[in-house]
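Notes to accompany the following structure.
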Amino acid sequence: MEKERKKGREKALKKGKVLLKENKDFIIDANSADICIYELEKPHINKTEMNEEIQAIFKGEFDKESNKRWLFASKLPVGTKIYWSSLNRYAEVSNEVDRIYFCKHYYGR
Numbered sequence: 000m001e002k003e004r005k006k007g008r009e010k011a012l013k014k015g016k017v018l019l020k021e022n023k024d025f026i027i028d029a030n031s032a033d034i035c036i037y038e039l040e041k042p043h044i045n046k047t048e049m050n051e052e053i054q055a056i057f058k059g060e061f062d063k064e065s066n067k068r069w070l071f072a073s074k075l076p077v078g079t080k081i082y083w084s085s086l087n088r089y090a091e092v093s094n095e096v097d098r099i100y101f102c103k104h105y106y107g108r
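First residue of the sequence shown? That's 0 in numbering that gives the first Met the number 0, and the numbers climb one at a time after it.
The structure is reproduced here in structure tokens:
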């Protein structure tokens with residue numbers, strides 16, 4: 000299990016570096032090795048579903064605290080709320096003011 004987790008993290012790390020160079024807006028879940036690339040859209044997720052917050056900025060590496068942190072973002076500020084939907088593997092991201100994003104692509108699993 001740990002071997003698969005490490006392999007997934009390595010894939011996510013490699014893809015994250017590419018996305019940084021492409022100046023994409025994304026979130027990496029280092030726990031599951033999923034990457035979400037975000038685009039601006041209108042909200043449609045019930046915000047009572049699972050929610051979390053961005054914990055660190057991704058700068059090309061997972062930091063030493065990555066065992067405690069699992070949600071890294073390229074541009075969205077730390078503390079930005081993430082609302083996950085169990086349907087269609089979508090996630091809505093909002094700073095509660097004007098930036099609403101939906102996940103367009105998952106990479107990892």
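Virtual Cβ for every residue (Gly too), placed ideally from N, Cα, C. These numbers come from a predicted model, not from an experiment.
Checklist entry - Hey, quick one: how far does the alpha helix (DSSP H) through residue 18 stretch, first residue to last? => result 1-20
Next on the checklist: Tell me the rounded alpha-carbon separation between residue 15 and residue 57.
Outcome noted: 8 Å
Checklist entry - Taking the Cβ atom as the reference point for each residue, do residue 24 and residue 80 lie within a distance shorter than 8 Å? => result no
Item to check | Strand pairing of residue 70, partner residues [DSSP] | outcome: 28
Next on the checklist: Can you give me the C-alpha to C-alpha distance between residue 52 and residue 17, rounded to a whole angstrom?
Outcome noted: 23 Å
Item to check | Own chain residues within Cβ distance below 7 Å of residue 30, not counting five before or after | outcome: 69
Checklist entry - How should residue 59 be labelled, buried or exposed, when 16 other C-beta atoms within 10 angstroms of its C-beta is the threshold for buried? => result exposed
Next on the checklist: Mapping the DSSP letters down to three states, classify residue 33 as helix, strand or coil.
Outcome noted: strand
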